[in-house]
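A.B. asks: Residue numbers (our numbering): 6 to 158. Where a beta carbon is used, it is the ideal one built from N, C-alpha and C, also for glycine. Fair warning: this is a prediction, and the values are worked out from it, not measured in the lab.
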């Protein structure tokens, strides 16, 4: 668990390096593999850091696109709520990366019911809506769809 005071102390940019060599994916084997990444959110609201992380993962693995990226919210203290405004810049950049075909699908983890509902209502990415409808139907949750999705879903 990270207290709000510690979150404010995180640097704006988190430098990532590989401690050991990672073998690039053989292009002949790429069709047989699903390449996924998990993006851990820290204090910065930088969409450029999101794009940089995806670009680095693609470069290190030798692939043109990632099949899926999961956005993980930062751990927070009990009783403290993570606002939608904190998640929006990251999700918006992930949507842009889907539109530019750098990522095939995006998703979330570690969100509570309220955060997931807020993101669902705000998001423009249709795959989140389609997956969410199936999940919420199974969980007997009722959500009002956001009007004006670009694809009309």
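(1) How about residue 56 and residue 102: do their beta carbons lie closer than 8 Å?
(2) May I ask you to report which of helix, strand or coil DSSP gives residue 38?
(3) Can the beta-carbon of residue 78 be found closer than 8 Å to that of residue 116?
(4) Given a cut-off of 8 Å on the beta-carbon distance, is the pair residue 118 and residue 67 in contact?
(5) Quick one: give me the first and last residue of the beta strand (DSSP E) that residue 74 is part of.
(6) Smallest Cα separation from residue 75: which of 69, 105, 87, 100?
(7) Give the single residue among 107, 108, 90 whose Cα lies nearest to the Cα of residue 128.
(8) To which residues of the same chain is residue 71 closer than 8 Å at the C-beta, ignoring the five residues directly before and after it?
(9) According to DSSP, simplified to helix, strand and coil, what is residue 109?
(10) So, using beta-carbon positions, are residue 112 and residue 88 closer together than 8 Å?
(11) So is residue 151 buried or exposed if we call it buried at 16+ other beta carbons inside 10 Å?
(12) Taking the alpha helix (DSSP H) that residue 161 belongs to, which residues open and close that run?
C.D. replies: Here's the rundown:
(1) Locating residue 56 in the chain shown gives position 51, counting from the first residue. Locating residue 102 in the chain shown gives position 97, counting from the first residue. Yes, these two residues count as a Cβ contact at 8 Å.
(2) Residue mapping note: residue 38 aligns to position 33 of the chain shown, counting from 1. In the structure shown, residue 38 sits in coil (DSSP, three-state: anything other than H, G, I, E or B).
(3) The residue you call residue 78 lines up with position 73 of the chain shown. The residue you call residue 116 lines up with position 111 of the chain shown. Their beta carbons are under 8 Å apart, which means residue 78 touches residue 116 by this criterion.
(4) Start at 1 with the first residue of the chain shown, and residue 118 comes out as number 113. Start at 1 with the first residue of the chain shown, and residue 67 comes out as number 62. It is not a contact, given that the beta carbons lie outside the stated cut-off.
(5) Within the chain shown, the letter at position 69 stands for residue 74. For residue 74, the uninterrupted beta strand (DSSP E) run begins and ends at 71-77, by DSSP.
(6) Indexing the chain shown from 1 puts residue 75 at position 70. Out of 69, 105, 87, 100, 100 has the C-alpha closest to the C-alpha of residue 75.
(7) To locate residue 128, count along the chain shown from 1; it is residue 123. Measuring from the Cα of residue 128, the nearest candidate turns out to be 90.
(8) Along the chain shown, read from residue 1 onward, the residue named residue 71 stands at position 66. Closer than 8 Å at the Cβ level, and outside the excluded window around residue 71, lie 40, 41, 42, 59, 62, 63, 107, 108, 109.
(9) Working through the chain shown from its first residue, we reach residue 109 at position 104. Reduced to three states, the DSSP call for residue 109 is strand.
(10) Along the chain shown, read from residue 1 onward, the residue named residue 112 stands at position 107. Along the chain shown, read from residue 1 onward, the residue named residue 88 stands at position 83. Taking 8 Å as the cut-off, the beta carbon of residue 112 is found no closer than this to the beta carbon of residue 88.
(11) Counting from one through the chain shown, the residue named residue 151 turns up at place 146. Note that residue 151 scores 40 on pLDDT, short of 50, meaning its location in the model is unreliable and no value can be drawn from it.
(12) Given a span of 6 to 158 for the chain in the structure shown, any question on residue 161 remains unanswerable.
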